[in-house]
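*Asks:*
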């Protein structure tokens, strides 16, 4: 299946500190590529995989489930772990949920976690209805491109594949149940105006992960990594990595 131009994965080998970036539901690596390139430019090894079913056609995504997307980021984590002394995980939206799941599963093997507008709760009516809707409709209008900055477009599907969406509650329940296992430093960037993910997810994280640092973004919508607060996310994540990594970053 041909890829959308710009949906390609991104990888950069630098020093002994690595970060795995996980893109969101129906999105592509494009939404996180500027973040990855920024970190790479400051001596961080970066892995930004394309999750199965993403970046082609929404019909293909309907053949995938959350287990497929998680398996891809698990594979990328193992590869990065084999090349780096320390690994951080990060993600946008559902990618933030996947990053949190990696932290729950791998514990001390992950040095820190950074998430942007993470989605870990079934707080949107459409998602609650998806397990029923999947028997009647293949897709519904999409949730992509929630960006405040003029002239910026997120590369993502215009339709939400319902069968794929119907698998999300299972992942959300699993991540919520195990949030106490996230003992690593956690940095959360949260847009105060988000038209895709409700505040419920961040509220749950705030309650169950006491060491989490919540940074409020006041000038961005959901896809904040492409929005007005992107530079703040990039700089804040670099500072977070430098603070918690025990080995120095490699600079050219």
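Residue numbers (UniProt numbering): 1 to 252. The beta carbon of each residue, even a glycine, is placed where N, CA and C say it ideally should be. Quantities reported herein were computed from a predicted structural model and do not represent experimental measurements.
#1: Note down, one range per segment and in chain order, each beta strand (DSSP E) of at least 3 residues found wholly within the stretch 135 to 185.
#2: So residue 44 packs on residue 249, CB below 8 Å; how close in whole Å?
#3: At a cut of 8 Å, does the stretch 239 to 249 reach the stretch 17 to 25 through at least three beta carbon pairs?
#4: For residue 236, which of 37, 27 and 114 has the nearest alpha-carbon?
#5: Since residue 197 and residue 117 should fall inside the 8 Å C-beta cutoff, what is the C-beta to C-beta distance between them, to a whole number of angstroms?
#6: Which residues mark the beginning and the end of the alpha helix (DSSP H) in which residue 12 is found?
#7: First and last residue of the alpha helix (DSSP H) that includes residue 22?
#8: Could you name the residues of the same chain whose beta carbon sits closer than 6 Å to that of residue 36, not counting the 5 residues immediately before and after it, in chain order?
#9: Pick helix, strand or coil for residue 193, following the three-state DSSP scheme.
#10: Under the DSSP definition of a beta bridge, which residues are partnered with residue 86?
#11: Look up residue 61 in the DSSP assignment and give the residues it is bridged to.
#12: For residue 23, count the other beta carbons within 10 Å of its own beta carbon; 16 or more makes it buried, fewer makes it exposed. Which is it?
*Replies:* Taking the definition as stated:
#1: At a cut-off of 3 residues, the continuous stretches assigned as beta strand (DSSP E) that sit fully inside the stretch 135 to 185 are 139 to 141 and 159 to 161.
#2: By one-based count along the chain shown, residue 44 stands at place 44. By one-based count along the chain shown, residue 249 stands at place 249. Correct: roughly 6 Å between the Cβ atoms.
#3: yes
#4: Taking the chain shown and counting its residues from 1, the one referred to as residue 236 is at position 236. With distances taken between Cα atoms, residue 236 lies closest to 114.
#5: Counted from its first residue, the chain shown places residue 197 at position 197. Counted from its first residue, the chain shown places residue 117 at position 117. Indeed, because the Cβ distance is near 5 Å, the residues count as touching under 8 Å.
#6: Taking the chain shown and counting its residues from 1, the one referred to as residue 12 is at position 12. No alpha helix (DSSP H) holds residue 12; the beta strand (DSSP E) holding it covers 10 to 12.
#7: Sequence index remark: in the chain shown, residue 22 carries index 22 (1-based). Note, residue 22: premise wrong, no alpha helix (DSSP H); beta strand (DSSP E) at 17 to 22.
#8: Counted from its first residue, the chain shown places residue 36 at position 36. The answer, listed in chain order, is 10, 21, 46 and 48.
#9: One-based indexing of the chain shown puts residue 193 at position 193. Residue 193: coil per DSSP, three-state reduction.
#10: The sequence position of residue 86 within the chain shown is 86, counting from 1. 17, per the DSSP bridge assignment.
#11: Translated into the one-based positions of the chain shown, residue 61 becomes position 61. According to DSSP, which records beta bridges pairwise, residue 61 is partnered with nothing at all.
#12: Within the chain shown, the letter at position 23 stands for residue 23. It is buried - the Cβ of residue 23 has at least 16 other Cβ atoms within 10 Å.
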